[in-house]
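Enquirer: Have a look at this one.
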Amino acid sequence: MRQAGRVLPEYRQLKTKHTFVEMVRTPELAAEVTLQPIRRFDFDAAIIFSDILVIPEALGQPYEFTEGAGIKMTPLQSAADIDGLDGSAVAERLDYVPQALRLVRETLQDRTALIGFAGSPWTLANFMLDGGGAKEYGQAKRLFYTHRPLFDRLMQKLTDAVSRYLEMQIAAGVDAVQIFDSRGGMMADGAFAEASGKWIGEIIRSLHNQVPVIVYSKGTNGNWNDLVATGAQVLGLDWTVRLSEIRSRLPQNVGVQGNLDPFVLTTTPAVVAAETERLLRDMRGVPGHIFNLGHGVPPTAPLENIQTMMDTIRGFV
Numbered sequence: 000m001r002q003a004g005r006v007l008p009e010y011r012q013l014k015t016k017h018t019f020v021e022m023v024r025t026p027e028l029a030a031e032v033t034l035q036p037i038r039r040f041d042f043d044a045a046i047i048f049s050d051i052l053v054i055p056e057a058l059g060q061p062y063e064f065t066e067g068a069g070i071k072m073t074p075l076q077s078a079a080d081i082d083g084l085d086g087s088a089v090a091e092r093l094d095y096v097p098q099a100l101r102l103v104r105e106t107l108q109d110r111t112a113l114i115g116f117a118g119s120p121w122t123l124a125n126f127m128l129d130g131g132g133a134k135e136y137g138q139a140k141r142l143f144y145t146h147r148p149l150f151d152r153l154m155q156k157l158t159d160a161v162s163r164y165l166e167m168q169i170a171a172g173v174d175a176v177q178i179f180d181s182r183g184g185m186m187a188d189g190a191f192a193e194a195s196g197k198w199i200g201e202i203i204r205s206l207h208n209q210v211p212v213i214v215y216s217k218g219t220n221g222n223w224n225d226l227v228a229t230g231a232q233v234l235g236l237d238w239t240v241r242l243s244e245i246r247s248r249l250p251q252n253v254g255v256q257g258n259l260d261p262f263v264l265t266t267t268p269a270v271v272a273a274e275t276e277r278l279l280r281d282m283r284g285v286p287g288h289i290f291n292l293g294h295g296v297p298p299t300a301p302l303e304n305i306q307t308m309m310d311t312i313r314g315f316v
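So in numbering that gives the first Met the number 0, spot 60 of the sequence shown is number 59, and the numbers just go up one at a time.
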């Protein structure tokens, strides 16, 4: 997850010449950033460099990213704002993403898998209603509990847009897609299915099993049945649960992805090797496991620690 940027000197060099949003919107730059970690670490899969907020932008709600200040966007504040979101031009406005994917696919050929992604409708709604980054997201929950018809209208617009967007990525040659529900853990156990799960399921059904779908819903550690019900072929797990235990509770046809604590990558090579091997031992012989972090690569992770993790995985017997 979040392979590109932050820790790589070659990415930081690009950042001196181009803004984050400029790199996202320029196919050649997005392709270059996508390929940088593959060249350096030879991961089994590349994930396209982009941002989940391209969907709100395509609907008419642009975002800005400022170093040090994070994400900002004018929040949706009324029913008129929500009803004014226009999904008719999603394909046209986001065409730069399949362009970048085709450039990456041409370079990778069949040597390395290519993953596309999008944010979940619930997670996108939180950003859109709170105006980008917030210390405590609350407006989407408020809308869910107090004005369900309007909440459903917003979620349907987002679901339709994400479905179309992932179709575009599949047509451009990705081998799998991932749906990031990074705000999934905000909802009470009994509300998750209606607030997030059912909309993810609608997206997955719209893709008709063209490629595998990975769903990562951070913090939803009591909603495994709801996540399985989405139809995802793989579930990403954060680092706060024991991966082997959750694997044993899931259907055999649902794989798991995860879940090394990202903080470990900020320590020492010895700690990284030990923790990576501990997770591998725990999952030894367990089918359907994709080794990954429990969330994104920390910006302070030394490159030698990432390399140690990769060497440990490849040398594990």
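We put the beta carbon where it would ideally sit given N, CA and C, even for glycine.
1) Give the DSSP-derived three-state secondary structure of Asn319 in the structure shown.
2) What are the residues that DSSP puts in a beta bridge with Ala112?
3) By alpha-carbon positions, which one of Gln168, Asp159, Tyr95 ends up nearest to Gly200?
4) Sort Thr307, Gln12, Val296, Arg283 by Cα distance to Ala269 and report the nearest one.
5) Closer than 8 Å is the cut-off here; do at least three beta carbon pairs connect the region 281 to 291 with the region 252 to 260?
6) Nearest-angstrom Cα distance between Asp188 and Ile169?
7) So Thr65 is in the beta strand (DSSP E); what residue range does that whole segment cover?
8) Whose C-alpha, out of Phe262, Phe150, Ala175, Ala300, is nearest the C-alpha of Ile81?
9) May I ask you to check if the CB of Gly86 is nearer than 7 Å to at least one heavy atom of the ligand ATP?
10) Determine which residues share a DSSP beta bridge with Asn258 and list them.
11) Counting contacts by CB-CB distance shorter than 8 Å, is Gly200 in contact with chain C?
12) Can you give me the C-alpha to C-alpha distance between Gly83 and Gln60, rounded to a whole angstrom?
13) Whose CA, out of His207, Asp225, Ala175, Ile178, lies closest to the CA of Phe191?
14) Can you check DSSP and say which residues form a bridge with Ser205?
15) Just how far apart, CA to CA, sit Ala112 and Glu105?
16) Around the C-beta of Asp43, are 16 or more other C-beta atoms found within 10 angstroms, so that it is buried, or is it exposed?
17) Can you check whether the CB of Leu264 is closer than 8 Å to the CB of Val271?
18) So what does DSSP say about Ile70, is it helix, strand or coil?
19) Can you tell me which of Tyr215, Glu66, Ala273, Gln108 puts its alpha carbon nearest to the alpha carbon of Arg5?
20) In three-state terms, what does DSSP make of Gln138?
21) Rounded to the nearest angstrom, what separates Gly230 and Lys197 at their Cα positions?
22) With respect to the beta strand (DSSP E) encompassing Ser162, which residues constitute its N-terminal and C-terminal limits?
23) Taking just the CA atoms, how far does Ala88 sit from Thr33?
24) What is the rounded straight-line gap between the Cα of Asn222 and the Cα of Lys16?
25) Starting from the C-beta of Gly293, find all residues in its chain whose C-beta is less than 7 Å away, skip the five residues before and the five after it, and write them out in chain order.
26) So Phe126 and Met186 are supposed to be a Cβ contact under 8 Å. How far apart are they, rounded?
27) Looking only at DSSP bridge pairs, what is Asp174 linked to?
28) What residue from Trp121, Gly131, Tyr95, Arg182 has the CA that sits closest to Arg152's CA?
29) Which word fits Gln177, buried or exposed, when buried means at least 16 other C-beta atoms lie within 10 angstroms of its C-beta?
Expert: So, to answer that:
1) Outside the modelled stretch of the chain, which goes from 0 to 316, sits residue 319, for which no answer is possible.
2) Ala44
3) Asp159
4) Thr307
5) yes
6) 32 Å
7) 63 to 65
8) Phe150
9) Absence of the ligand ATP from the depicted structure is noted, as is the absence of any ligand whatsoever, leaving it without description.
10) Asn291
11) Structure shown: chain C not included; a single protein chain is present.
12) 10 Å
13) Asp225
14) DSSP output for Ser205 lists no bridge partner at all.
15) 12 Å
16) exposed
17) yes
18) strand
19) Glu66
20) helix
21) 10 Å
22) Run containing Ser162: none in the beta strand (DSSP E); it sits in the alpha helix (DSSP H), 147 to 170.
23) 25 Å
24) 43 Å
25) Leu236, Asp237, Trp238, Gly257, Asn258, Leu259, Asp260, Pro261
26) About 16 Å separates the two Cβ atoms, so there is no contact after all.
27) In DSSP, Asp174 forms no bridge with anything.
28) Trp121
29) buried
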